[in-house]
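Asker: The structure under discussion is supplied below as structure tokens; questions concerning it will follow.
Okay, structure coming up:
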């Protein structure tokens, strides 16, 4: 286990975006947590939505005077294969098809107990510990023994329970039941047995490299350097950032493509996600082909397949998309590119994703299951028209015909194809949806709302714990 050190950020960029009234409300609400130490524990310092959320929220909270910190658990490959399988089951999928039996439970306990034995180096009585997702759930009991108030924060779930979800929750239940409280992304993911359940949707960071403002020209130049678009003669491009130093893009993506990159004026459909079977990249490819938009290109983009420590299945998911691409007719293959984006420089990676989303004519998020799907909110912040599956937290973001087009059945390829084609054929309608999408993010999915809800929820949990201790 190790601690991730993050410095406070400058507040001025947030003040400019949020305005004085929202910033004053944020300061007052979050300030009530001053004097309390809050630990977050997850399974990776980089890669994936949880690490990205913590990387933005913790520096902002620290700038507001709250002592928020971050620990990352260690594990062997077998542990991360097991916890990936466990996460997949809670999404309603079989994952790699492996068991969740006594041997797996014993290995999970061994690894989490080894990490839990180190907690006393950091956690003191009176601290708050937020344990994120299944990987570190085995640390909950030890954190409580050390005198902390412990919350299990779930970023995953399925709104369609089945035998897989039942198996996953049965595995996790003994560990999660040890928590003082639980927090879910959406009400539909909460379980009837979880202790003191709360709901807090996540947020995006508008000042982060992935979401900061870019001109259309900057986006095209960034994608040219990255090898995504043609027409760039530059070897690198440097862009000033609202937080931290300027960002230089100089590394090209690993691109699977036939022929030269598409020119900037060709319409582009884009999905950005991890290489995960539940993100259904190969389904996006098939729906794009069914859309029959011969004048458009498709870009499927994800991180380098070996870059996320807690996701051992990425290579297999990428191979599914690669094989589907290879089976296309030659003319179709020329209109589809698969990108593996380098992550050696996280800010550079995020800026390329930013440019890719901003340049997209249509953004797709065709998840078969989803915790929340912040890649949708990222695209919506950029006023992009979006087609998304009506699953998990995507249903709270993509209001059909208002902030995007929602596909009721995520496996319905003709419906996905028709939605994509509708946006490509009607730019005025697409622009209207994009404007509605951005306004929804401004109203509901920026970090001030997120931190205020956490502050209010922590106050409730701590007050309840104090009352229970007095009456117990």
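Residue numbers (the working numbering): 195 to 666. The beta carbon of each residue, even a glycine, is placed where N, CA and C say it ideally should be.
So, using beta-carbon positions, are residue 379 and residue 403 closer together than 8 Å?
Answerer: In the chain shown, residue 379 corresponds to position 185, counting from 1. In the chain shown, residue 403 corresponds to position 209, counting from 1. Not closer than 8 Å, so no.
Asker: Hey, out of 425, 407 and 337, whose CA is closest to residue 433's CA?
Answerer: If you number the chain shown from 1, residue 433 lands on position 239. It is 407 whose Cα lies nearest to the Cα of residue 433.
Asker: Counting along the chain, where does the alpha helix (DSSP H) carrying residue 254 start and finish?
Answerer: Taking the chain shown and counting its residues from 1, one reaches residue 254 at position 60. Looking at the DSSP string, the run of the alpha helix (DSSP H) that includes residue 254 is 243–257.
Asker: Pull up the distance between the alpha-carbon of residue 588 and that of residue 352, whole angstroms please.
Answerer: Mapped onto the chain shown, residue 588 falls at position 394. Mapped onto the chain shown, residue 352 falls at position 158. Looking at the two C-alpha atoms, the distance is approximately 12 Å.
Asker: Grab the span of the beta strand (DSSP E) containing residue 431 for me, first residue to last.
Answerer: Position 237 of the chain shown, counted from the start, is the residue given in the question as residue 431. Note, residue 431: beta strand (DSSP E), 431–433.
Asker: What are the start and end residues of each continuous alpha helix (DSSP H) run of 4 or more residues lying completely inside the segment 506–536, in chain order?
Answerer: Taking only runs of at least 4 residues, the alpha helix (DSSP H) segments lying wholly in the segment 506–536 are 508–520 and 524–527.
Asker: Once the 5 residues before and after residue 515 are set aside, which same chain residues still bring their CB inside 8 Å of it?
Answerer: Numbered from 1 along the chain shown, position 321 holds the residue referred to as residue 515. Excluding residues within five positions, the ones whose Cβ falls inside 8 Å are 469, 475, 476, 479, 494 and 532.
Asker: Does the segment 562–580 come within contact of the segment 437–455, defined as at least 3 CB pairs closer than 8 Å?
Answerer: In short, these stretches do not touch, since the Cβ pair count stays below three.
Asker: So, does the segment 203–211 touch the segment 309–329, judging by three or more C-beta pairs under 8 Å?
Answerer: Taking 8 Å as the limit for Cβ pairs, the verdict is that the segment 309–329 does not touch the segment 203–211.
Asker: Less than 8 Å between the CB atoms is what I'm expecting for residue 639 and residue 249, so what's the real figure, rounded?
Answerer: Looking up residue 639 in the chain shown gives position 445. Looking up residue 249 in the chain shown gives position 55. With 8 Å as the limit, residue 639 and residue 249 do not qualify as a contact, their Cβ atoms being about 17 Å apart.
Asker: In chain order, which continuous runs of the beta strand (DSSP E) of length 3 or greater are located wholly inside the segment 558–645?
Answerer: As far as the segment 558–645 is concerned, its whole beta strand (DSSP E) runs of at least 3 residues are 580–583 and 599–601.
Asker: Measure the alpha-carbon distance for residue 521 versus residue 605 and round it to whole angstroms.
Answerer: Sequence index remark: in the chain shown, residue 521 carries index 327 (1-based). Sequence index remark: in the chain shown, residue 605 carries index 411 (1-based). Cα to Cα, residue 521 sits roughly 20 Å from residue 605.
Asker: Would you mind listing the beta strand (DSSP E) stretches within the segment 287–366 that are 3+ residues and don't spill past its ends, in chain order?
Answerer: The segment 287–366 contains these whole beta strand (DSSP E) runs: 322–326 and 343–347.
Asker: If we call anything under 8 Å between Cβ atoms a contact, is residue 614 one with residue 581?
Answerer: Position 420 of the chain shown, counting from 1, holds the residue named residue 614. Position 387 of the chain shown, counting from 1, holds the residue named residue 581. Cβ distance < 8 Å, so residue 614 and residue 581 count as in contact.
Asker: Could you give the residue range of the alpha helix (DSSP H) that holds residue 553?
Answerer: Residue mapping note: residue 553 aligns to position 359 of the chain shown, counting from 1. Where residue 553 is concerned, the enclosing alpha helix (DSSP H) stretches over 540–553.
Asker: Indicate the three-state DSSP secondary structure (helix, strand or coil) for residue 264 in the structure shown.
Answerer: For this step, residue 264 is matched to residue 70 along the chain shown. Residue state, collapsed to three classes: strand.
Asker: Whole angstroms is fine: what's the gap from residue 559's alpha carbon to residue 569's?
Answerer: Reading the chain shown from its first residue, position 365 is the one you call residue 559. Reading the chain shown from its first residue, position 375 is the one you call residue 569. Those two C-alpha atoms are separated by around 8 Å.
Asker: Which residue marks the beginning of the alpha helix (DSSP H) containing residue 283, and which one marks its end?
Answerer: Position 89 of the chain shown, counted from the first residue, corresponds to residue 283. Residue 283 -> alpha helix (DSSP H) spans 271–284.
Asker: By the 10 Å Cβ neighbour count, where 16 or more other Cβ atoms means buried, how is residue 455 classified, buried or exposed?
Answerer: In the chain shown, counting from the first residue as 1, residue 455 sits at position 261. By the 10 Å Cβ count, residue 455 comes out buried.
Asker: Is the beta carbon of residue 472 closer than 8 Å to that of residue 561?
Answerer: Mapped onto the chain shown, residue 561 falls at position 367. Mapped onto the chain shown, residue 472 falls at position 278. Their beta carbons are under 8 Å apart, which means residue 561 touches residue 472 by this criterion.
Asker: Between which two residues does the beta strand (DSSP E) harbouring residue 394 extend?
Answerer: For the purposes of this step, residue 394 is taken as residue 200 along the chain shown, with counting starting at 1. From DSSP, residue 394 is part of no beta strand (DSSP E); its letter is neither H nor E.
Asker: Using the beta-carbon count (16 or more within 10 Å), is residue 278 buried or exposed?
Answerer: For the purposes of this step, residue 278 is taken as residue 84 along the chain shown, with counting starting at 1. Flag for residue 278 reads buried.
Asker: Quick one: residues in its chain with C-beta nearer than 8 Å to the C-beta of residue 428, no 5 flanking neighbours on either side, listed in chain order?
Answerer: Residue mapping note: residue 428 aligns to position 234 of the chain shown, counting from 1. Closer than 8 Å at Cβ, skipping near neighbours: 415, 418 and 419.
Asker: Taking the alpha carbon of residue 616 as the reference point, which residue from 460, 600, 566 and 261 has its own alpha carbon closest?
Answerer: Counting from 1 along the chain shown, the entry for residue 616 is found at position 422. Considering only alpha carbons, the answer is 600.
Asker: How would you call residue 583, buried or exposed, if buried means at least 16 neighbouring beta carbons within 10 angstroms?
Answerer: Numbered from its first residue, the chain shown carries residue 583 at position 389. Classification for residue 583: buried.
Asker: Based on Cα-Cα distance, which residue from 392, 463, 290 and 298 lies nearest to residue 619?
Answerer: For the purposes of this step, residue 619 is taken as residue 425 along the chain shown, with counting starting at 1. Comparing Cα-Cα distances from residue 619 to each of 392, 463, 290 and 298, the minimum goes to 463.
Asker: Count the C-beta pairs between the segment 285–294 and the segment 218–230 that are closer than 8 Å, then say yes if the count reaches three, no if not.
Answerer: Output reads no: the segment 218–230 does not touch the segment 285–294.
Asker: I believe residue 535 touches residue 447 by the beta-carbon criterion, under 8 Å. Please report the beta-carbon distance rounded to the nearest angstrom.
Answerer: In the chain shown, counting from the first residue as 1, residue 535 sits at position 341. In the chain shown, counting from the first residue as 1, residue 447 sits at position 253. Indeed, because the Cβ distance is near 5 Å, the residues count as touching under 8 Å.
Asker: Just tell me which of 336, 642 and 458 has its CA closest to the CA of residue 222.
Answerer: Here the question's residue 222 lines up with position 28 in the chain shown. The residue with the shortest Cα to Cα distance from residue 222 is 642.
Asker: So, with DSSP's three-state summary, where would you put residue 377?
Answerer: To locate residue 377, count along the chain shown from 1; it is residue 183. DSSP places residue 377 in strand when its eight states are reduced to three.
Asker: Report the residue from 577, 612 and 637 whose alpha carbon sits nearest the alpha carbon of residue 410.
Answerer: On the chain shown, residue 410 is found 216 positions in, with the first residue counted as 1. If we check each option's Cα against that of residue 410, 577 comes out closest.
Asker: With a 10 Å radius around its C-beta and 16 neighbouring C-beta atoms as the bar for buried, classify residue 519 as buried or exposed.
Answerer: In the chain shown, the residue the question calls residue 519 occupies position 325. Residue 519 should be labelled buried.
Asker: Are the CB atoms of residue 326 and residue 303 nearer to each other than 8 Å?
Answerer: Here residue 326 is taken as the residue at index 132 of the chain shown, counted from 1. Here residue 303 is taken as the residue at index 109 of the chain shown, counted from 1. Their beta carbons are not under 8 Å apart, which means residue 326 does not touch residue 303 by this criterion.
Asker: Secondary structure at residue 495, three-state DSSP: helix, strand or coil?
Answerer: Position 301 of the chain shown, counted from the first residue, corresponds to residue 495. Strand at residue 495.
Asker: Kindly indicate which three-state DSSP category residue 217 falls into: helix, strand or coil?
Answerer: Within the chain shown, numbered from 1, the residue matching residue 217 stands at position 23. Residue state, collapsed to three classes: helix.
Asker: Pull up the CB-CB distance for residue 309 and residue 333, whole angstroms please, since I reckon it's below 8 Å.
Answerer: Working through the chain shown from its first residue, we reach residue 309 at position 115. Working through the chain shown from its first residue, we reach residue 333 at position 139. 6 Å between Cβ atoms; contact.
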